[in-house]
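Undergrad: For the first sequence, this note's numbering begins at 27 and goes up steadily by one. All C-beta atoms, glycine included, are put in the ideal place defined by N, C-alpha and C. Computed from a prediction, not measured in an experiment: that's the story for all the values here. This is the structure I want to talk about, given as C-alpha cells.
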Amino acid sequence: MQEPDSGFDSAAWDRQQVEIRSKVITTDTFTWRVEAGVSQDKLRLVGGLDISFRVDQSERERAVACLVVLSLPTLEVVHEATLNLVMPHSYRPGYLAARECPAYMQLLTAVKATPFCPQVVLVDGFGILHPRGCGSASHVGVLADIPTIGVGKNLLHVDGLTEQHVRCCMRAAGEGTRIPAAAGDAMLPTCHPNGSITMPLVGLSGATLGMALTANAGVQKPVYVSIGHGISLSTAMEVVRCCCLHRVPEPIRQADIRSRQHLRELLDAGV
DNA sequence: GCGACAG
DNA sequence: ATCTTGTCGC
C-alpha cells in the first residue's frame, strides 16, 4: 500500500530548516520606525500572507495564496495579488513552510518589482517559535530577504509552552487576579491602556520565543507573535499592534478573507 | 507506549 | 485549514 505522502522527505526539510535557522536575524535590519520622528523613515506599507484550502470535485486539494499590502495608518489595502495552486502533499505539523513557502516566494518576488513592496510582512503561522526554530515566517523571510513576523492563531507546543498555561495567565491578568507562578515569573502579562494584554512566551529553556497578544478588552483568545526574520520582537509587537482592528491583525485578516473568497469563486466556476 | 502537533 | 445559520452585542 502506497502511503499518501510517500514523496515527502521530512529529513530533507529538517536539514533545510536548520540551515535557514542559522541565517535568521532577530534584530531590526532597517531604518524605519513605527513611531517615527520628523527626520526618520516611517513604516507605511505592511504586507500580509495567507492561504485558503479546499478539496475540489476531483478530490484534489486546491488552494489560493494571497498577498495584500496595507497602508498605515489607515490600514487600507493598496495592493492585492493571488496565486492558484494544487497542493502536492498534505499538511504536517512542523512543516508548514513546505506547503506554503513556494507560493509566498512567488508572490513576494512579484511585489518587489512594484511600488508596493512592503517594508515588513505578516505571515499566517510562526517564525522562530517552532520545533527547529524555523517556522514558515522565518523560512520565507530568509529566502525572500525581507523582514517578516509570524502571527499564529493556535499555539505550537514547543519548549514546554502550552496554550492552557498562556491563556490561564492572560485571563488572570485581565481579571486582575493573581498570576499562576507555575512557569516561574518570566511570563508576566502586561495590561495596556487600550485594554489589550501582552505576555512573553518563555520556554523551559529560558528563551523568549514570542509574545501572546489580545488586541483589546473584548478578545479572550490571544494571537501569538514571533520573529520571522530581520526584526526584533519589540518592533514586531509595535507593528502588529498598529495593525489590530480585530483579533487577527488586519494584513493577515484581509489576506485570509480574500484568499478564501477567491478560492470559492474559482471552484464555483468549476475551474 | 501516550500525548502534542502552526495551517 | 474546511464542513456551516443564526444570533447576541457593541
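Hey, residue 173 and residue 255: beta-carbon distance below 8 Å or not?
TA: Numbered from its first residue, the first sequence carries residue 173 at position 147. Numbered from its first residue, the first sequence carries residue 255 at position 229. Closer than 8 Å, so yes.
Undergrad: Using three-state DSSP, classify residue 72 as helix, strand or coil.
TA: Here residue 72 refers to the residue found at position 46 when the first sequence is read from its first residue. The answer is strand: DSSP assigns residue 72 an E or B state.
Undergrad: Quick check on DSSP: helix, strand or coil for residue 5?
TA: What the structure shows of the chain is the stretch from 27 to 297, and residue 5 is not part of that stretch, so it cannot be assessed.
Undergrad: What would DSSP say about residue 130, mapped onto helix, strand or coil?
TA: Reading the first sequence from its first residue, position 104 is the one you call residue 130. The answer is helix: DSSP assigns residue 130 an H, G or I state.
Undergrad: Three or more C-beta pairs under 8 Å: does that hold for the region 66–74 against the region 92–100?
TA: With the cut-off at 8 Å, the region 66–74 and the region 92–100 touch.
Undergrad: Does residue 172 come out as helix, strand or coil in the three-state DSSP assignment?
TA: Position 146 of the first sequence, counting from 1, holds the residue named residue 172. Residue state, collapsed to three classes: coil.
Undergrad: Measuring only the C-alpha atoms, how far is residue 32 from residue 158?
TA: On the first sequence, position 6 is the one that residue 32 refers to. On the first sequence, position 132 is the one that residue 158 refers to. Each residue's Cα considered, the two are about 22 Å apart.
Undergrad: Who are residue 102's beta bridge partners in DSSP?
TA: Start at 1 with the first residue of the first sequence, and residue 102 comes out as number 76. For residue 102, which the question treats as bridged, DSSP gives the partners 97.
Undergrad: Since residue 255 is in the alpha helix (DSSP H), which residue starts that stretch and which ends it?
TA: One-based indexing of the first sequence puts residue 255 at position 229. Residue 255 -> not in any alpha helix (DSSP H); beta strand (DSSP E) instead, spanning 249–255.
Undergrad: From which residue to which residue does the alpha helix (DSSP H) around residue 149 run?
TA: Here residue 149 corresponds to residue number 123 of the first sequence, with the count starting at 1. Premise fails: residue 149 lies in the beta strand (DSSP E), 146–150, not in any alpha helix (DSSP H).
Undergrad: With residue 277 as the anchor, note down where its alpha helix (DSSP H) starts and where it stops.
TA: Stepping through the first sequence from its first residue, residue 277 is reached at position 251. Start and end: 276–294.
Undergrad: Output the distance between the C-alpha atoms of residue 202 and residue 241, rounded to the nearest integer angstrom.
TA: Taking the first sequence and counting its residues from 1, one reaches residue 202 at position 176. Taking the first sequence and counting its residues from 1, one reaches residue 241 at position 215. Whole-angstrom Cα-Cα distance: 17 Å.
Undergrad: Could you check which residue in 247, 118, 76, 80 has the C-alpha nearest to that of residue 130?
TA: Locating residue 130 in the first sequence gives position 104, where the first residue counts as 1. That would be 76, whose Cα lies nearest to the Cα of residue 130.
Undergrad: For residue 220, which residues of its own chain have a beta-carbon under 7 Å away from its beta-carbon, when the five flanking residues on both sides are left out?
TA: By 1-based counting over the first sequence, the position of residue 220 is 194. The answer, listed in chain order, is 242.
Undergrad: For a quick check, are the C-beta atoms of residue 21 and residue 135 less than 8 Å apart?
TA: Absent from the structure is residue 21, since the part of the chain shown begins at 27 and ends at 297.
Undergrad: For residue 228, which residues from the same chain have a beta carbon less than 6 Å from its beta carbon, with the 5 sequence-adjacent residues on both sides left out?
TA: Indexing the first sequence from 1 puts residue 228 at position 202. Only 212, 213, 234 meet the Cβ criterion.
Undergrad: Closer than 6 Å by C-beta to residue 126: which residues in its own chain qualify, once you throw out the five before and the five after it? Chain order, please.
TA: Translated into the one-based positions of the first sequence, residue 126 becomes position 100. The residues are 77, 162.
Undergrad: Residue 257 and residue 154: beta carbons closer than 8 Å?
TA: Against the first sequence, residue 257 aligns to sequence position 231. Against the first sequence, residue 154 aligns to sequence position 128. Against a cut-off of 8 Å, the Cβ pair of residue 154 and residue 257 comes out as no contact.
Undergrad: Contact between the region 109–122 and the region 76–90 is defined here as three or more beta-carbon pairs at a separation below 8 Å; is this criterion met?
TA: yes
Undergrad: Kindly indicate which residue of 50, 278, 65, 41 has the alpha-carbon position closest to the one of residue 14.
TA: The structure shown does not extend to residue 14, since the chain is modelled only from 27 through 297, so no value can be given for it.
Undergrad: Going by Cα to Cα distance, which pick from 147, 104, 79, 103 is closest to residue 291?
TA: Residue numbering aside, residue 291 sits at position 265 when the first sequence is read from its first letter. Per the Cα distances, 79.
Undergrad: Can you say whether residue 262 is buried or exposed, counting buried as having 16 or more other CB atoms within 10 angstroms of its CB?
TA: Here the question's residue 262 lines up with position 236 in the first sequence. Buried, because 16 or more other Cβ atoms sit within 10 Å of the Cβ of residue 262.
Undergrad: Thinking C-beta only, is residue 185 closer than 8 Å to residue 230?
TA: The residue you call residue 230 lines up with position 204 of the first sequence. The residue you call residue 185 lines up with position 159 of the first sequence. Yes, these two residues count as a Cβ contact at 8 Å.
Undergrad: Determine the burial state of residue 65: buried for a count of at least 16 other Cβ atoms within 10 Å of its Cβ, exposed for fewer.
TA: Within the first sequence, residue 65 is the residue found at index 39, counting from 1. Flag for residue 65 reads exposed.
Undergrad: On the DSSP bridge list, what partners appear for residue 46?
TA: The residue you call residue 46 lines up with position 20 of the first sequence. In the DSSP output, where bridge partners are listed per residue, residue 46 has none listed.
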